[in-house]
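Each protein sequence line maps, in turn, to chains A and B.
With my numbering applied, the first sequence corresponds to residues 3 to 425, in that order.
With my numbering applied, the second sequence corresponds to residues 660 to 771, in that order.
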Amino acid sequence: MMHSSPMTHIEEASSLSPEFETPARTILLIEDEPVTRASMGGRLTRLGYRVLEAENGLVGLDVARRVRPDLLIVDWMMPEMDGPTFCEAVRRDPLLKSSQILLMTAHDTPAQIAEGLARGADDFLSKAASKQEIIARVQAGLRTSRLVRELETAGAQLASSMRLLQVKQVEMEADLQSAATFVHSLLPPQGNPVRGIAMAWEYQPSLLLGGDLFGVMAIDANNLGLYILDASGHGVAAALRSAAVMTFLRADNILQLFGSYDPAQVLFEANRRFPLSAEGEYFTLWVGHLHLPTGSLSYASAGHSGTLLSSAESPSRWLTHASFPLGFDPSAQYTGERVSLKPADRLFLLSDGIYEVSSPTGDVWGRARFQAVVDAGKRTSLSATIASCYSAARDWQQAQHFPDDAAVVGIELIGRLEETCHG
Amino acid sequence: MPITERIVPQGTILDVVGDLTYANRAVFKAAVEKVKQSGCRHLMVNLEQVRFVDSAGLGLLVLVSQSFKLVQAQVSLLKPQSYVREIMSLSNIPKMIPIYETEEDAFTARAA
Numbered sequence: 003m004m005h006s007s008p009m010t011h012i013e014e015a016s017s018l019s020p021e022f023e024t025p026a027r028t029i030l031l032i033e034d035e036p037v038t039r040a041s042m043g044g045r046l047t048r049l050g051y052r053v054l055e056a057e058n059g060l061v062g063l064d065v066a067r068r069v070r071p072d073l074l075i076v077d078w079m080m081p082e083m084d085g086p087t088f089c090e091a092v093r094r095d096p097l098l099k100s101s102q103i104l105l106m107t108a109h110d111t112p113a114q115i116a117e118g119l120a121r122g123a124d125d126f127l128s129k130a131a132s133k134q135e136i137i138a139r140v141q142a143g144l145r146t147s148r149l150v151r152e153l154e155t156a157g158a159q160l161a162s163s164m165r166l167l168q169v170k171q172v173e174m175e176a177d178l179q180s181a182a183t184f185v186h187s188l189l190p191p192q193g194n195p196v197r198g199i200a201m202a203w204e205y206q207p208s209l210l211l212g213g214d215l216f217g218v219m220a221i222d223a224n225n226l227g228l229y230i231l232d233a234s235g236h237g238v239a240a241a242l243r244s245a246a247v248m249t250f251l252r253a254d255n256i257l258q259l260f261g262s263y264d265p266a267q268v269l270f271e272a273n274r275r276f277p278l279s280a281e282g283e284y285f286t287l288w289v290g291h292l293h294l295p296t297g298s299l300s301y302a303s304a305g306h307s308g309t310l311l312s313s314a315e316s317p318s319r320w321l322t323h324a325s326f327p328l329g330f331d332p333s334a335q336y337t338g339e340r341v342s343l344k345p346a347d348r349l350f351l352l353s354d355g356i357y358e359v360s361s362p363t364g365d366v367w368g369r370a371r372f373q374a375v376v377d378a379g380k381r382t383s384l385s386a387t388i389a390s391c392y393s394a395a396r397d398w399q400q401a402q403h404f405p406d407d408a409a410v411v412g413i414e415l416i417g418r419l420e421e422t423c424h425g
Numbered sequence: 660m661p662i663t664e665r666i667v668p669q670g671t672i673l674d675v676v677g678d679l680t681y682a683n684r685a686v687f688k689a690a691v692e693k694v695k696q697s698g699c700r701h702l703m704v705n706l707e708q709v710r711f712v713d714s715a716g717l718g719l720l721v722l723v724s725q726s727f728k729l730v731q732a733q734v735s736l737l738k739p740q741s742y743v744r745e746i747m748s749l750s751n752i753p754k755m756i757p758i759y760e761t762e763e764d765a766f767t768a769r770a771a
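If you want it as C-alpha cells, here you go:
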C-alpha cells in the first residue's frame, strides 16, 4: 500500500482530493503501531492527501524538518520519542514551531487533553474517531496551517520590505544630510562679516533640513546687507523653497538687479517672484541694509515679526511694521524705514520658532519674554545672550527639541563707527 | 483640533478649538472643504477657542479666503484671542480677511 512503506517515503496523492484541498496537502503521520498507521494512512490517502509516515517521534522530526508538512498527526504512546515529547521538540524548533499538530490517543481523558495541549499539541484525534470526525479535524488543522503559512509568508514579505525601506531610509538620510550640509554652508560664518561688526548665531532646524534661513553679507567695505527668512511649514519642501529665495537675496544678485541693496525694493521683487503656493506656503522676510560709516540702518518687513534692536542706553524695541508676507497680495507695496545705530548697539534677527514654543499647559513663550531675556543679557557676550534665549525657550517648553525651525542671529556694532570703517 | 460646524441662516460657522498649526492643517482643510462643497456663501471661522495660530495656519486662512473669493463667497474670522490677533495684525490679515467680535457683526457686515 502506498502509505505503509518505507517509513519516510513520500506518498503521492490519490485522485480523490477533498473539496477545497487542491493541490494535495501533505500530512505526516507518526505512529509506531503498523496496523493503526496503515489504517489511518489509507484513510487519509483515500481522502486525497499526500501522506508521509514515520514510526516514532525521532524519525518524524527528521522528516518534518526536511519536508515541512502541512499537518502532523502524532500518536501519544511511542518508543524512542512519545507524542507529547515530539510536540515539545517541534515547538522548540525554529523551522517547525508553527506546525499544526493533531495528537492521537486511545484514551482522551480531560487530564490527558490538558497535558497534551500544555506540551504543544493543537488538537486531538481519537483512534476510534469516525471518518466524518477525522475529516473534520484534519480539515480544521489544515485550515489553520494554511492561515499560519500565509501569515508567515506575509511576515517574510514584510520583513523583506522593511529591509528595503531601511536601505532606502539610510540613502535618503544621507541625501538629506548632504542637503543640510549644503544649506549650512550658505549661512554666514560666525565672527566678523566686516570690520566693526561682530556676529554670532544659533540655528536649530526642527528637522534635519530647515526652512528658515538668514544672511549677513558685506556688500562692500561700508555696507552690510542682512536678512532673515521664515518659511511657513518645515522640512525638505520648505528648505528647497527657502534656498531659492536665498539665491535671489544674494548681494551680488540684488546689486545686479537694482544697483543697490534697497530693502523695500528687494521685498517688492521677492513678493512678485514667490507667490503663495497651492498648499498655502509662503515666506515672511525682514531685510536690512546697514551703512557702516553712519550707522544708518534701513529696513523693510514682509509680514515678519521683526528684528529686535537692543541698545545699551535705552529699552530694546522691535524694528517691524504690519505688512503682507510674500505672496499674500501680488500688488503689495513695502515701505522702508530707517533708524540710526550707535556703537555697542545690537540687532537680533530671529525666526518665530524661537519664541512660538508652548509650555506643557499650552501657553506660548512669546516675543515679550524673548525680549526680556535679551534685555537681561546686555552685559554678556552676543553668543551668551543667544544661548540664554535658547535655554529660556527650552525651559519654557520643557523640551530640548524645537517644534519649528528656530534661528537667532546677533549682530553688534563694535568700536566707533567712523574709526572701524576708515581706520 | 475639534471643529464643530454650525449652519446659520447667514452662512456656516466653524467653531475651532485648539491650535491652528502646521500639524493640524489637514483637519482644518477637510472641514473647510466640506463647507465649500455645500455651496456656503459665507464661512465664519470662530477662533474664540484658538490659543495659537502659526505661520502655516495663517497661510491656510489666506488660501481658504482666496478660494472662497474665486466663487464669490466670503470668509470671516470671529473673536480671535489677543495673541492670535497680534500675529494676524503683523501679517496684515485684517486687510485681507474681515475680523469681527460677534457673530451678529459678521452677519450684518455681510448683509450690508
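We put the beta carbon where it would ideally sit given N, CA and C, even for glycine.
Just so it is clear, the structure is predicted and the values come from calculations on it, not from any experiment.
Sort the options by Cα distance to residue i and report the nearest one.
i	options	result
A:Asp354	A:Ala370, A:Ser342, A:Ala346	A:Ala370
A:Gly62	A:Val37, A:Phe88, A:Trp78	A:Phe88
B:Ser741	B:Val691, B:Thr671, B:Phe711	B:Phe711
A:Lys380	A:His323, A:Ala314, A:Pro71, A:Glu283	A:Ala314
A:Ser147	A:Thr183, A:Ser180, A:Glu90, A:Ile75	A:Ile75
A:Ser325	A:Pro112, A:Gly308, A:Ser318	A:Gly308
B:Leu722	B:Arg769, B:Gln669, B:Glu692, B:Arg700	B:Glu692
A:Leu287	A:Asp264, A:Ala245, A:Leu231, A:Leu251	A:Leu231
A:Tyr51	A:Ser132, A:Pro207, A:Arg93, A:Ile136	A:Ile136
Have a look at residue i and residue j and give me their C-alpha separation to the nearest angstrom.
i	j	result
A:Leu328	B:Ser750	10 Å
B:Thr663	A:Leu104	57 Å
B:Leu702	A:Gln168	45 Å
A:Trp203	A:Asn194	12 Å
B:Gly677	A:Phe285	24 Å
A:Cys391	A:Phe350	11 Å
A:Asp95	A:Arg70	12 Å
A:Ala239	B:Gly698	33 Å
A:Thr197	A:Ile413	Here residue 197 of chain A is Arg; the residue named in the question, Thr, does not match the sequence. Approximately 12 Å, taken between the alpha carbons.
A:Thr155	A:Val37	37 Å
A:Thr107	A:Arg67	24 Å
A:Asp407	A:Leu242	14 Å
A:Glu23	A:His109	Confidence in A:Glu23 is poor, its pLDDT being 44 and thus under 50, which makes the residue's placement unreliable; the coordinate value appears in the next sentence. Computed Cα separation, rounded: 30 Å.
A:Leu384	A:Gln373	14 Å
B:Arg744	B:Ala765	17 Å
B:Thr800	B:Gln731	No information on residue 800 of chain B is available, as it lies outside the stretch 660 to 771 that chain B covers here.
A:Trp320	B:Ala685	33 Å
A:His291	A:Arg396	32 Å
A:Glu13	A:Ile115	Any reading at A:Glu13 must be qualified, since the residue scores a pLDDT of 38, below 50, and its modelled position is unreliable; no value is offered.
May I ask which residues mark the beginning and end of the alpha helix (DSSP H) holding residue i?
i	result
A:Tyr205	Per DSSP, A:Tyr205 belongs to no alpha helix (DSSP H); it is in the beta strand (DSSP E), 199-206.
A:Ala233	Per DSSP, A:Ala233 belongs to no alpha helix (DSSP H); it is in the beta strand (DSSP E), 225-233.
A:Ser163	133-188
A:Gln373	368-378
A:Met219	Note, A:Met219: premise wrong, no alpha helix (DSSP H); beta strand (DSSP E) at 215-222.
A:Ser312	Not the alpha helix (DSSP H): A:Ser312 falls in the beta strand (DSSP E), residues 309-312.
A:Arg70	Counting along the chain, A:Arg70 falls outside any alpha helix (DSSP H), and DSSP gives it neither H nor E.
List, in chain order, every chain B residue whose beta-carbon is nearer than 9 Å to that of residue i.
i	result
A:Leu278	Gly718, Val721, Leu722, Gln725
A:Ser325	Leu749, Ser750, Asn751
Interface residues of chain B around residue i at Cβ under 8 Å?
i	result
A:Val366	Arg710, Phe711, Tyr742
A:Phe330	Val721, Ser750, Asn751, Met755
A:Gly305	Leu749, Ser750, Asn751
Between the beta-carbon of residue i and the beta-carbon of residue j, is there less than 8 Å?
i	j	result
A:Gly237	A:Leu211	yes
A:Thr28	A:Leu46	no
B:Tyr759	B:Ser735	yes
A:Glu82	A:Gly59	yes
A:Ser342	A:Ser298	yes
A:Val411	A:Phe216	yes
A:Leu73	A:Gly122	no
B:Val675	B:Val704	yes
A:Val359	A:Phe404	yes
A:Ala302	A:Tyr336	yes
Could you give the first and the last residue of the continuous beta strand (DSSP E) run that contains residue i?
i	result
A:Trp320	319-321
A:Thr107	103-107
A:Met248	Run containing A:Met248: none in the beta strand (DSSP E); it sits in the alpha helix (DSSP H), 238-251.
B:Glu745	No beta strand (DSSP E) holds B:Glu745; the alpha helix (DSSP H) holding it covers 741-749.
B:Ser697	No beta strand (DSSP E) holds B:Ser697; DSSP gives it neither H nor E.
A:Thr28	28-32
A:Ser390	It is not in any beta strand (DSSP E) - A:Ser390 instead sits in the alpha helix (DSSP H) that spans 384-399.
Looking at residue i and the ligand MG, is the gap between the Cβ and the nearest heavy atom below 7 Å?
i	result
A:Leu384	Within the structure as shown, the ligand MG is missing, as the structure has no ligands at all.
So residue i contacts chain A; which residues on that side make the cut at Cβ distance below 8 Å?
i	result
B:Tyr681	Ser234, Gly235, His236, Asp406
B:Ala715	Ser234, Gly235, Gly282, Glu283
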